[in-house]
Amino acid sequence: MLGNGRSSPLAQATNVYLEKPGEAMSPGAPAASKAETKKITHTLRLAEWFEAMVAETPISVATDESDHIVGPSHMAFERAEELVPEAWGADGFHCPFGTKQLMELGFAGIASTAAANAEKLDGQPKCFLQVIARCYEAACRYAQSWSDAAADAADAAVGDDRVRLTRIADACSSLGAGPPDSLLEAAQLLWFGLAMRNGSVTSPPGRLDQYLQPFYVADLARGEITPEFAQQLIDELFTKIDTIFTGDGLMNLVVGGVDADGNDATNEMSMMMLDAATRLVIACPQMNIRIHDRSPEAFRRKATELQLAPTGGCSILNDEVIIPAMVAEGIPLDLARNYCCDGCNELLFDGESLIDFTAAEAAKSFERALFNGRECPLPEGVVPRARYHYAVDEPSELGIGDHRGPETGDFTTMTSFDELFEAFQGQYLHSVTKTLDSFCSSVLNNRAEMVSAPFFAGTFPECLATGEDPMTGGARWQTFMIFSGSIPTAADGLAAVKKVVFEDHACTPGELLAALEADWEGYEPLRKRCMAAPRFGNDDPYVDDIAAEIVRRFDTTVREYKHELGFPLHPALFCHTFNMISMALGATPDGRRRGDAVAEHFSPVPGRALSGPTAVINSMTKAPIDRMVGTAVTHISLSRAALGTPAQASVVVRTLVDTALKMGLTVINLPIYDVQQMIDAQKNPEQHADLMVRVWGFSDRFNMLDSRLQDHLIARALTS
Numbered sequence: 004m005l006g007n008g009r010s011s012p013l014a015q016a017t018n019v020y021l022e023k024p025g026e027a028m029s030p031g032a033p034a035a036s037k038a039e040t041k042k043i044t045h046t047l048r049l050a051e052w053f054e055a056m057v058a059e060t061p062i063s064v065a066t067d068e069s070d071h072i073v074g075p076s077h078m079a080f081e082r083a084e085e086l087v088p089e090a091w092g093a094d095g096f097h098c099p100f101g102t103k104q105l106m107e108l109g110f111a112g113i114a115s116t117a118a119a120n121a122e123k124l125d126g127q128p129k130c131f132l133q134v135i136a137r138c139y140e141a142a143c144r145y146a147q148s149w150s151d152a153a154a155d156a157a158d159a160a161v162g163d164d165r166v167r168l169t170r171i172a173d174a175c176s177s178l179g180a181g182p183p184d185s186l187l188e189a190a191q192l193l194w195f196g197l198a199m200r201n202g203s204v205t206s207p208p209g210r211l212d213q214y215l216q217p218f219y220v221a222d223l224a225r226g227e228i229t230p231e232f233a234q235q236l237i238d239e240l241f242t243k244i245d246t247i248f249t250g251d252g253l254m255n256l257v258v259g260g261v262d263a264d265g266n267d268a269t270n271e272m273s274m275m276m277l278d279a280a281t282r283l284v285i286a287c288p289q290m291n292i293r294i295h296d297r298s299p300e301a302f303r304r305k306a307t308e309l310q311l312a313p314t315g316g317c318s319i320l321n322d323e324v325i326i327p328a329m330v331a332e333g334i335p336l337d338l339a340r341n342y343c344c345d346g347c348n349e350l351l352f353d354g355e356s357l358i359d360f361t362a363a364e365a366a367k368s369f370e371r372a373l374f375n376g377r378e379c380p381l382p383e384g385v386v387p388r389a390r391y392h393y394a395v396d397e398p399s400e401l402g403i404g405d406h407r408g409p410e411t412g413d414f415t416t417m418t419s420f421d422e423l424f425e426a427f428q429g430q431y432l433h434s435v436t437k438t439l440d441s442f443c444s445s446v447l448n449n450r451a452e453m454v455s456a457p458f459f460a461g462t463f464p465e466c467l468a469t470g471e472d473p474m475t476g477g478a479r480w481q482t483f484m485i486f487s488g489s490i491p492t493a494a495d496g497l498a499a500v501k502k503v504v505f506e507d508h509a510c511t512p513g514e515l516l517a518a519l520e521a522d523w524e525g526y527e528p529l530r531k532r533c534m535a536a537p538r539f540g541n542d543d544p545y546v547d548d549i550a551a552e553i554v555r556r557f558d559t560t561v562r563e564y565k566h567e568l569g570f571p572l573h574p575a576l577f578c579h580t581f582n583m584i585s586m587a588l589g590a591t592p593d594g595r596r597r598g599d600a601v602a603e604h605f606s607p608v609p610g611r612a613l614s615g616p617t618a619v620i621n622s623m624t625k626a627p628i629d630r631m632v633g634t635a636v637t638h639i640s641l642s643r644a645a646l647g648t649p650a651q652a653s654v655v656v657r658t659l660v661d662t663a664l665k666m667g668l669t670v671i672n673l674p675i676y677d678v679q680q681m682i683d684a685q686k687n688p689e690q691h692a693d694l695m696v697r698v699w700g701f702s703d704r705f706n707m708l709d710s711r712l713q714d715h716l717i718a719r720a721l722t723s
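Each residue of the sequence shown is one higher than the last, beginning at 4 in my numbering.
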C-alpha cells in the first residue's frame, strides 16, 4: 500500500481478487482452453505490474509551490518493469481513453462496478474485470496518498499556501472515494489518469472542453469558483500536459463542434482552452478546433487568434464535411458527432473507439513502376539513413531494395502515358492490397494473443459491462484505416513524364531512367525541363486530375477489399514519415533528387505551389477527399511577413479558413512562418530557443527538429 498504508472502504469491500488462473472459472463452468488460460495468466500479471507502478511512484508535496494539481507526469513504469517484467498491456495510445466514464464514475466507481460485474461472469471476462478492479483500487490508494501528503504539508504551511494545500488534500481524498465534484477535482482526476495510462506512451485528451464544462458550471452555481481561477487551472493543466512529451507527443485536444443532438457544443471551457493555447509558449497539448456553420463568432475569432499566435497554430476540423461522410460510411450519427483526433490528425470517436492503421506510399509505387518492380538503384555500399522528426533521433537504415513489386512492364519500351499510368496503378494498388493483407492478419492475431491494458480498458463502458477486451467487443467502435501519402509527388512525376517524354519527346524513357539512376548528376538541362512541368497545388488540371484519379482508385480499392475485421476500413490521405520517405525514395521525374522533400499528406511538394493559397485549395478539392473518412490532411503555408498588419493578417487567415471549409477540405492546417527567422535559427540556434513552428499535426520548437525537416519547413514557406 501507499503512503501511510490506509485502505479505503471500497478496497475492503472488493478485495476478493483472483490470484490463479483456475479461480476465473465458476463451479460447473466449462474448463478454460489453453489459449484462455494463457490470457488469464497474463492478465493477472498486468494487475501486478500496475500495482507495482503505483506503489513505487514517490509521493511528495512541497509547501512552497503554487500548483493546485499534484502528481508526476510519468509514474514508476520502469521500476514496475523490473519488478514484473514483460507484463505490458496493449494500449492503442493513439486514441483517447474514456474520459466521460472516468469523470462519471471516478476511480472508485469503476473499481466497484468492475468487481460487481465480474461476479456474473466466467473465464477471461471475469478475470479481466477483477484485474480492472484491482488497478482502480490501486488508483484510489494513490489519490489518497496524495491527499495525506498534502494534508501533512498543509499542517506545516501558513496563509495562502495552507489554504491551497488543504484544498488539494480535500480534492485528492474525494478522488480516492468517489467521482469528482468540482473543476479542480476533475482536472486532478484527468492528470492522475494521464499519468497512470502513460507509462512509455501518451494519451490524447480528446474533447476535454465537453467533460470539464459541467464541473465549471456547477462550481459557478455554488459560488465556489471564479472565471479567473478556472483559467488558472486550465493554464496549469496545459503546462503540465506539456511535460508528458513535447511536440509530436500525440497529445491532441479538440474543442468546439456539436453534441450528440447536433447542437453547438462550444462552451466556456472551449474559450478558456483557446486562451491558454494562445498565451502559453508550449508545444502540448496540440489544439484542434471543430468548426460548423453555427460556430459562434467569438469562438471563430479566438480560433483565428490561435492560428496567428507564435505558438505554432492549430488544426481546423470541418464538421460540415466530416460528420456526413462518416454517416455515409455507416457510422451512427451520434457517434459521428462525437468525433475527435487521435494522437495525430486521424479521426475517431472520443472514448468510444480504438484505432489501428497502416500505410502504402504512392511515390514509392511510382518508382517501382519506372523500374519494373524494383527500386531506383544505389551505388554499391551506400545505405540511406534518415531521422524520423527530431535531431536527437537515431538515424534509421531505410532498407532500400528490401521490397519489390510485381513486374508491370519495361518503361523503356512504353509508347504512351496511359501505359505508364496503368503500370503505376498496378504497383500502387498491389501495394495497397498486400499492405491490407498484412494489416488485417496482424489485427486478428492481436485480438487472439493480446490483452488490453486494464486501466485503459476500464474507461470503456462496454468493457466494464461485459468484461470483453476493447479489442474484441469491449468498445463501441473500432477504427481501422490505411494511409496513403506522397500522392502529389507521384502525380508531379507522372505529369512530368507525360509532358517531357510522351508529348514533347525531349528524351526517351531510357534516357530518363539513366538520369534518375544518376540522381540527375550530368543531366541538369533535362532536370530543369522536368521541373518546369505542371505541379500539384497550382490549380492546373493537367496534374490535378492525375492526383484526383489516384485518390479515386485508392478509395475504390480500399472499399472493395474483403476482410473479417467487423468494422469498415477507411482510406486516409496522411503520412507521418515523409522525412524518412524522402531519403528512401530515389530521384523522381519531377526533378527532385534523393533526399529532397516529398509531399506530405495531400499537400503540394514544399516550394512547388507558386500560384497562391486559393490555387492550393482548388487543387486539393478536385479529388474526392470527402470519401477519405480516416482523414485528409492539408497544409497551406503562409508567410508572416506577407500578412501585413495584425488586423490584415486576421482577415487573410479567416478568409482562407472560410474558403477551405466551404470548398470541402476536412482537416486544415495554415502554418504561418517567418522564413528569415527559421534560416537564422539554423545558424544561431541559441538565439531562437523558443521559436515554435507548425510541423504537421503538431507544433514544436524549431531547434529540436532534424535539420532535413527544418529544410522541409523552410522550403514549404519560401513560396507561401
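Glycine included, every Cβ here is placed at the ideal spot set by N, Cα and C.
Since the structure is predicted, the reported quantities are computational estimates derived from the model, not experimental observations.
What whole-angstrom Cβ distance do residue i and residue j have, given they're in contact under 8 Å?
i      : j      : result
Phe241 : Pro182 : Not really, about 23 Å apart at Cβ, beyond 8 Å.
Ala362 : Phe486 : 4 Å
Leu568 : Cys466 : The Cβ separation is near 18 Å, so there is no contact.
Thr669 : Ile628 : 6 Å
Glu426 : Ala372 : Reading off the sequence, residue 426 comes out as Ala, not Glu. Ala426 to Ala372, Cβ: 4 Å. Contact.
His566 : Leu572 : 6 Å
Ala79  : Thr60  : 4 Å
Gly209 : Pro335 : Their Cβ separation, rounded to whole angstroms, is 18 Å, which puts Gly209 and Pro335 out of contact at 8 Å.
Look at the Cβ atom of residue i, then the Cβ atom of residue j, and state whether they are nearer than 8 Å.
i      : j      : result
Leu178 : Ala146 : yes
Leu673 : Gly316 : yes
Arg711 : Ala389 : yes
Ser356 : Ala460 : no
Ala286 : Leu309 : no
Ala190 : Ile72  : yes
His97  : Asp413 : no
Ala111 : Cys138 : no
Ala90  : Arg48  : yes
Val546 : Ala498 : yes
Leu659 : Pro609 : no
Val435 : Val636 : no
Leu211 : Leu256 : yes
Met631 : Pro387 : no
Leu664 : Glu349 : no
Phe483 : Asp353 : no
Gln481 : Phe577 : no
Ser368 : Met583 : no
Residue i bridges to which residues according to DSSP?
i      : result
Gln713 : DSSP output for Gln713 lists no bridge partner at all.
Gly209 : Leu256
Leu576 : Ala635
Met484 : Phe360, His573
Cys98  : Note: Cys98 sits in no beta bridge, so no partner.
Tyr342 : Phe352
Arg293 : Gly259, Leu320
Ala93  : Ser455
Asn672 : Ser318, His638
What I want to know is whether the C-beta of residue i ends up closer than 7 Å to one or more non-hydrogen atoms of the ligand FAD.
i      : result
Glu122 : What this structure holds is no ligand at all, so the ligand FAD is not there to describe.
Considering Cα atoms alone, identify which of the options is closest to residue i.
i      : options                        : result
Thr246 : Thr205, Glu227, Asp222, Arg303 : Thr205
Val220 : Leu186, Arg200, Leu211         : Leu186
Phe458 : Glu689, Thr102, Lys305         : Thr102
Ala456 : Ser36, Glu54, Glu39            : Glu54
Leu519 : His508, Asp507, Gly496, Glu506 : Gly496
Lys243 : Ser640, Gly209, Leu193, Asp507 : Leu193
Gly647 : Asp396, Phe360, Ala172, Ile675 : Ile675
Val261 : Ile326, His604, Glu603, Pro464 : Ile326
Phe131 : Gly470, Ile113, Leu124         : Gly470
Arg657 : Ala306, Asp155, Pro88, Val258  : Ala306
Val64  : Ser115, Ser36, Glu140, Asp155  : Asp155
Val601 : Ser76, Leu432, Gln690, Thr492  : Thr492
Arg530 : Ala331, Glu514, Val134         : Glu514
Counting Cβ pairs, one atom from each stretch, are 3 or more of them under 8 Å apart for the stretch 584 to 596 and the stretch 679 to 697? Counting Cβ pairs under 8 Å, fewer than three are found: no touch.
So, does the stretch 210 to 224 touch the stretch 268 to 282, judging by three or more C-beta pairs under 8 Å? At 8 Å Cβ cutoff, the stretches touch.
Would the stretch 404 to 421 and the stretch 367 to 384 be scored as touching if the rule is three or more Cβ pairs under 8 Å? Taking a cut-off of 8 Å for Cβ pairs, the stretch 404 to 421 and the stretch 367 to 384 touch, as three or more such pairs fall below it.
Should the stretch 534 to 545 be regarded as contacting the stretch 495 to 515, the criterion being three or more beta carbon pairs within less than 8 Å? Verdict: yes, contact present.
The stretch 148 to 158 / the stretch 166 to 177 touching (three or more Cβ pairs under 8 Å): Segments in contact, yes.
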